[in-house]
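J.: When we follow the working numbering, the leftmost residue of the sequence shown carries the number 62, and every step to the right adds one.
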Amino acid sequence: MGVGECPYLFELLEEIRNTEQIKNISRNLREFFDKLETWTGIEINDLFDAWTVADIIQIEALYNKSSSSIDTNVLSQLREIVGLCLYYLLNPFETNRIIGGPLIADIMNNIFSFISNKSNQWKAKIYSAHDTTISAILSFFQANYIHQPSYASALFFDLYHLPG
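1. Taking the alpha carbon of Ile117 as the reference point, which residue from Asn106, Asp95, Val143 and Tyr149 has its own alpha carbon closest?
2. So, Leu164 versus Ala204, is the Cβ gap smaller than 8 angstroms?
3. Would you report the Cα separation of Cys145 and His208, rounded to the nearest angstrom?
4. Tell me, please, whether the region 144–163 touches the region 121–132 by the rule of three or more beta-carbon pairs shorter than 8 angstroms.
5. Rounded to whole angstroms, what is the Cα-Cα separation between Arg78 and Phe109?
6. So what does DSSP say about Trp183, is it helix, strand or coil?
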């Protein structure tokens, strides 16, 4: 359940990538991007390229597998980069809807099925999602903030019946 090969999403992403805001942020971070390129051997042209590298380095750091070049200052800057990417990616409602929409639709369908007694009576349904999808769901519910969800984050939705 994801966006797969959605041409419209790729078009929107390209528009976001080419905004003056992203270009300015990328220019301001060029020196840091050069360091990342040296450390990783991966070409970084803009903020969104850096996001891919940031994801890898952050996970390596979690498992104590990162290089000696990666210190707390670098990790802090990488978290900021990921937060900026998520913010600019999910701030437009359309990208937010495309990325988080399929999962939100399934959650809502399950809730409505349960309410109308059409469900298979499962007490819980568990989904696995990438941090981008979790961020999209938070953004959809207008809880968007400029931070990446913690590694292995989870969202819980409870359904209560209030008599009356």
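Glycine included, every Cβ here is placed at the ideal spot set by N, Cα and C.
T.: Let's see:
1. Val143
2. no
3. Residue 145 is actually Leu in this sequence, not Cys. Whole-angstrom Cα-Cα distance: 8 angstroms.
4. no
5. 7 angstroms
6. coil
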